[in-house]
Amino acid sequence: MSTRAPQPSPGESLELSVEELLRRARPLPSHDEMAIDDLTEEEGEAFLAALEA
1 MSTRAPQPSP GESLELSVEE LLRRARPLPS HDEMAIDDLT EEEGEAFLAA LEA
């Protein structure tokens, strides 16, 4: 089932204000939670290469 994208009324914008965007944002996890432990040097290089691709 597909839904149609909302259409703005004349004179209305679908853009959100900075304040609304910040209110909806979620904080990132800590660096320790996001770090990948126990990678070999080759695995680390492959991971970084994949990010750059």
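At position 43 of the sequence shown the residue is numbered 43 (this note's numbering), and the sequence of numbers has no breaks.
The beta-carbon is built from N, C-alpha and C at its ideal position, and this holds for glycine as well.
DSSP state of residue i mapped onto helix, strand, coil
{"i": "G44", "result": "helix"}
{"i": "D32", "result": "helix"}
{"i": "E20", "result": "helix"}
{"i": "E52", "result": "helix"}
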